[in-house]
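Below is one structure; the comments refer to it alone.
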Amino acid sequence: MQLAHTAALVTGGASGLGAATAKALAAGGARVFALDLKSGIDQAPEVDGVTYVPTDVTDPEQVRAAVATAAGSGVPLRTVVNCAGIGPSARILGKKGVHDLGLYAKVIQVNLIGTFNVLALASEAIAETEADENGQRGVIVNTASIAAYDGQIGQAAYSSSKGGVVGLTLPAARDLAQYGIRVCTIAPGIVETPMLATVSDEFRAGLAAGVPFPRRLALPEEYAKLALAIVDHDYLNGETIRMDGALRMAPR
Ligand SMILES: NC(=O)c1ccc[n+]([C@@H]2O[C@H](COP(=O)([O-])OP(=O)(O)OC[C@H]3O[C@@H](n4cnc5c(N)ncnc54)[C@H](O)[C@@H]3O)[C@@H](O)[C@H]2O)c1
């Protein structure tokens, strides 16, 4: 699917994978709307072709308004990339007692329900656009994690949320096929994003050493490249693609 003369919406677009994807989509000719919390946007870089829209992905009214902004931009909304997410860790039973249920619910709320909320409301707007010559109207790319499959100690909530995103992918593709909308998910390994900026060089080297090849962490630009490849490739649909250098996470 072509990006030129279309609009794209990227959640979590102020940082990390979302910011790299927003930049790449804009460079590819799309008019990009980066949805993120106001706190995220305050620290976001200025990028040509990217408009920031303060939005909490868990709030239906805020997402509805942000989708309307993108859909009303004068070019059809065709691309959605869901990158907003949080990754706190806690053991089910640890030194501080049992896992906080509120924390578990919050991770599901942002990572899974937020993804579904944007996917559903954006697909409504995409379905109203004119189809292209192939009958296609749009593409939605979600972000899971290899923690959906190889969740580590302390990742019960995070892995549950990302497993949910993997499970959502095929039924979403099937539900939206009648509107000419494709749905795929990327499951990244460990990517160099602000999340990792706080860890020591030694810890980072340890993480990189566990990756078979390339023996390094992934770059946000490599995620963006895959997201754009999915948008470009009309026959990719209903699938979750690992992007992890063959990494399989150990229990800890
Ligand atoms: N970095 C990695 O190694 C890695 C690996 C696998 C999966 N992921 C996933 O990729 C996605 C992006 O991660 P990242 O590393 O770029 O993180 P990041 O922290 O750099 O970016 C995440 C962005 O999401 C925003 N966000 C959080 N809650 C939000 C909400 N309720 N509404 C709107 N925006 C919200 C944050 O403000 C932030 O700008 C996440 O879903 C994460 O779980 C990351």
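Residue numbers 21 to 272, in the numbering used here, belong to the letters of the sequence shown in order.
In this text, a Cβ means the ideal position worked out from N, Cα and C, and glycines have one as well.
Only a predicted model underlies this, so the values are computations on that prediction, with no experimental measurement involved.
Item	Value
Near residue 263, what residues of its chain come up, given a Cβ to Cβ distance below 8 Å and the 5 sequence neighbours on each side ignored?	206, 207, 208, 209, 238, 242, 243 and 246
Of the residues 130, 159, 63 and 93, which one's Cα is nearest the Cα of residue 248?	159
Skipping 5 residues on each side, what residues in its chain have a beta carbon closer than 6 Å to that of residue 146?	97, 157, 158 and 201
Give every residue of the same chain whose Cβ lies closer than 6 Å to the Cβ of residue 44, excluding the five residues on either side of it in the sequence, and list them in chain order.	244 and 248
Taking three-plus beta-carbon pairs below 8 Å as touching, is the stretch 134-150 in contact with the stretch 89-109?	yes
Mind pulling the alpha helix (DSSP H) runs of 4 or more residues that sit fully within the stretch 155-221?	176-196
Name the DSSP bridge partner or partners of residue 53?	29 and 71
Measure the CB-CB distance between residue 186 and residue 193 and report whether it falls below 8 Å.	no
Exposed or buried, what is residue 51 when buried is set at 16 or more other beta-carbons lying within 10 Å of its beta-carbon?	buried
Mapping the DSSP letters down to three states, classify residue 97 as helix, strand or coil.	strand
What number of angstroms, rounded off, separates the C-alpha of residue 116 from the C-alpha of residue 124?	15 Å
Indicate the three-state DSSP secondary structure (helix, strand or coil) for residue 262 in the structure shown.	strand
Assign residue 255 to one of two classes, buried (16 or more other C-beta atoms within 10 Å of its C-beta) or exposed (fewer than that).	exposed
Which class does residue 131 belong to by DSSP, given the choice of helix, strand or coil?	helix
Once the 5 residues before and after residue 184 are set aside, which same chain residues still bring their CB inside 6 Å of it?	132
Taking DSSP as the reference, what is the three-state secondary structure of residue 246?	helix
By DSSP, does residue 273 sit in helix, in strand, or in coil?	The first residue shown for the chain is 21 and the last is 272, placing residue 273 beyond what the model contains.
Compare the beta carbon distance of residue 71 and residue 251 with 8 Å and say whether it is the shorter of the two.	no
Spatial neighbours of residue 118 within its chain, please: CB distance less than 8 Å, with the 5 preceding and 5 following residues excluded, ordered by chain position.	112
Can residue 42 and residue 27 be called in contact, C-beta distance under 8 Å?	no
Taking C-beta to C-beta, are residue 80 and residue 57 nearer than 8 Å?	no
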